Structure formats: C-alpha cells, structure tokens
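So the structure is just underneath, and the comments pick up after that.
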Amino acid sequence: MKYGKFLPEQGTIGLVAPSFGCSIEPYKTAFENALRRWKRQGYHLDLGPNCYASAGIGISNTPRLCGEELMAYYLKEDNDCLISCGGGELMCEILDYMDWDQIAAAPAKWFMGYSDNTNMTYLLATICDTASIYGPCAATFGMSRQHQSIKDAFALISGKGSGWKRAAAADQAKSTADHPTFTVSGYPKWELEGKKNEENPLASYNLTERKVLKFYDGSAARPEAFQVLTGKEIPQTSFSGRLLGGCMDCLVNLLGTRYDYTEVFQEKYREDGIIWFLEACDLNVFSIRRAMWQMEHADWFRHVKGFLIGRPLSGLEPMMGLDRYQAVLDVAGRKGVPVVMDVDLGHLPPAMPLVTGSYATVRLEGNEISVEMEMRP
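The sequence shown begins at 1410 in this note's numbering and counts up by one.
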C-alpha cells in the first residue's frame, strides 16, 4: 500500500470536480470561502477546469472531460494533494477515460472526497494499491465555524495535529515496522436536518441528535439470537484490519464490472483482514439489505474482521418491519465479527475521515469509538 506525501507548509492544494462542481449555491459561496481560508493559511491553490463547470449530467462536465481533468491533476507535479469539489450522481461514467495503470505507476498522491467520490477512493486502493481519504469535499471546508471532523480531515491530509503519532527517531532506527498513525474519534452529536441553503451557504452543522452507537459482537449463530447493545452497554472491544469501503450506492454499482478488483485486494491483505466501512445515500432499508446480499454473494466479505456502518441518509426510517439495523445484520451478523452501527460516517454529518487502505484498529468502550489508522505498506 502506497501513501501520498502530506500537504506541506505553503504547499499547493489541487481542486478537481470529477463529480459535481461548485457552480451553484450554496456550494459556490462555501467553496470560495474555503479557498480564501486556505490562502490565508499560506497555501497555494491549483483549480481544475471543471471546478465551476455545470455542463454535465450528474457531474460537472462530460465524462471524458471529467476523466481527463482527474487524470491530469493526479499526475501533475504542480499540486501536493487533491480534494474533490463535491459529490454527485454519475462519476462512474468517467472511469472509462482514466488510465489506471498510469495512476498505479505514478507517485502516490492523497485524494480526498466522499459519496460519489467512492469511484476514486475505492479504486485507488483496490486497483492501484494506493491509499485515499474518505472525507469531506472542498466546499465543506468553507463553513463559517469548522466542526472538529473538518479539522480532523485537514490534519490527516496535512500530517499535522494531535491525532498523529510517530515513533521517536531512536525507535525508528530499531524497527521499520513502526509507521505513522492517525487516530480519530467519534463526535457527541450529529445533524438530522442541516441549515445550509442558498440564503445561508456558510452554515455550520446543526447538531441536534445525540450519537448512540449500536453494537453486535458477532457471537450468535442465528439472527433470532443476535443481541444488539446500545451506547453505554457496549463492552470494551477492539478489532483490526485494512479499511475498505465507502458509499454503498457506488460500491454495488462497481461490483462485477471490469473495475472490480476487490478479490485482488482482499487476497493481497488476507493476513490483515478487512474492516468494511459502509454508508448509504439514496438507498432505503430494503436497498441496503439487497446491497449487503449482493456484496456477500460476490464474496467481498471473505476475510472480514469487522464492520463500521454509518447512519444512512435515506434509510433512517423502518419500512414494512425492516429497520436499518436488521438491513445490515442479516448478512454482517452471520460473519462472526463485530458490527458497529450508527457510526459517525457518511451523509449525516459529522463524519470521521478514514484512510482507505490503511491498517486500522477500532476501539470501543461504552458509547465511544476511535479508529487508529497506521500507514502500513
């Protein structure tokens, strides 16, 4: 696994729009405020030609032009990292216009984004053996008062902050197995209904809901015996493996295509095992259950060590007796591994930034969760 170089002081942030750009409100104003903030902090900016484009269907421009922009900006030496402008709908259509062999052969570069950007974060790891950051898109950095999750994401891509731990020089001389690690923890509250809109484009998160984790330890053999623990009931638990996942809407779309290198990835890292982090945007509870069924029958969970399941944007409410917990547990619960649900991950912020491809250790105790990510090759 390869890792990009961290964004240095006065380094250059590359901005690209392989999915939606920032041509309309509230994204345009928020994006431009993020640019001003980064400039004040001393960073240089390298904007791709599609950042303000709106000529595409479900993405910023035509699939060819979006693919060419992402290729060019990933390969060019004029920027130190890439942050996607936003999510969208049809980023999958740009994949045919990208040279994955060339990306795999290039020096690793951090790419950060989420949602539709799963089409890049997931494939960088599985096809190119290159780590990526499943984290906020560029416009989110423009909110008037940045939430800790946004600060965590920038600390991650810049290699700064208290979340980082590095071995002392003496320890590094003794062992080459000690790699930089970044630890991120869950947040106390989350947003059910945001206040960001055209009239209030710089609104911060509207945190009204208390985080309450749900946990199943993987010990039961039959669904009727699954015991889901809530919040403070959760015992001290830890599990480790390679982080892999993203937005389920995109993942099941990639499944079985010529871009599906999941089998290659999981066999390469079978000794480490896989921690799957999964969240959903447009999928309701039945769609989530079907997606879990499909991934299971594609043998994606062969070497799973645990699941991190985010709060689903469109699947919060039960349908016909099926809730969001049963939607994942019918498959995940049968694997004999820990399953953590309602994690700070995905489309209902805040979300912990996660390094796809890193070796992670998840720790739980009561209603608290932390993810320690080691930049292990």
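The C-beta atom is built at its ideal place from N, Cα and C for all residues, glycine as well.
As the structure is a computational prediction, the values presented were derived from the model and not from experiment.
task = Would you mind working out which of W1573, P1516, K1677 sits nearest K1485, comparing C-alpha positions?
result = P1516
request  = Measure the beta-carbon distance from Y1668 to G1742 and round it to whole angstroms, keeping in mind my assumption that it falls under 8 Å.
outcome  = Not quite, the Cβ-Cβ distance comes to about 29 Å (not below 8 Å), so this is no contact.
ask   = Any contact of the segment 1737–1754 with the segment 1559–1569, i.e. 3+ C-beta pairs under 8 Å?
value = no
task = For D1580, collect the residues of the same chain with a Cβ closer than 7 Å to its Cβ; drop the 5 residues on either side in sequence, then sort them by chain order.
result = The predicted position of D1580 is uncertain, since its pLDDT is 45 and thus under 50; no value can be drawn from it.
ask   = Hey, how far is the Cα of S1723 from the Cα of N1693?
value = 5 Å
task = Tell me whether V1746 sits in a helix, a strand or coil according to DSSP, three-state version.
result = coil
query = Below 8 Å between beta carbons: does that hold for G1467 and K1641?
reply = The Cβ atoms of G1467 and K1641 do not sit closer than 8 Å to each other.
query = Going by Cα to Cα distance, which pick from E1676, C1546, K1518, L1479 is closest to L1444?
reply = C1546
request  = Determine the direct distance from the alpha carbon of V1425 to that of P1458, and round the result to whole angstroms.
outcome  = 8 Å
inquiry  = Three Cβ pairs or more, each shorter than 8 Å: is that satisfied between the segment 1617–1636 and the segment 1589–1604?
reply    = yes
query = Do A1514 and K1411 have their C-beta atoms closer together than 8 Å?
reply = no
ask   = Quick one, are the C-beta atoms of Y1452 and G1495 less than 8 Å apart?
value = no
request  = Excluding the 5 residues preceding and the 5 following G1570 in the sequence, name in chain order all residues of the same chain whose CB lies nearer than 6 Å to its CB.
outcome  = A1564
request  = Give the straight-line distance between the Cα atoms of G1430 and G1420, rounded to the nearest whole angstrom.
outcome  = 23 Å
ask   = So is G1730 buried or exposed if we call it buried at 16+ other beta carbons inside 10 Å?
value = exposed
Those runs of the beta strand (DSSP E) which lie wholly inside the segment 1723–1768 and span at least 3 residues = 1748–1752, 1763–1765
message = Determine, for P1644, whether the minimum Cβ-Cβ distance to residues of chain B falls below 8 Å.
response = Although the question refers to chain B, the structure presented lacks it and comprises just one protein chain.
request  = Output the boundary residues of the beta strand (DSSP E) element that contains I1466.
outcome  = Neither: I1466 is in no beta strand (DSSP E) and is coded neither H nor E.
message = Our contact map puts S1649 next to K1714 with C-beta atoms below 8 Å; I'd like the distance itself, whole angstroms only.
response = 7 Å
query = Where D1708 and W1685 are concerned, what is the direct C-alpha to C-alpha distance, given to the nearest angstrom?
reply = So the alpha carbons of these two residues sit roughly 13 Å apart.
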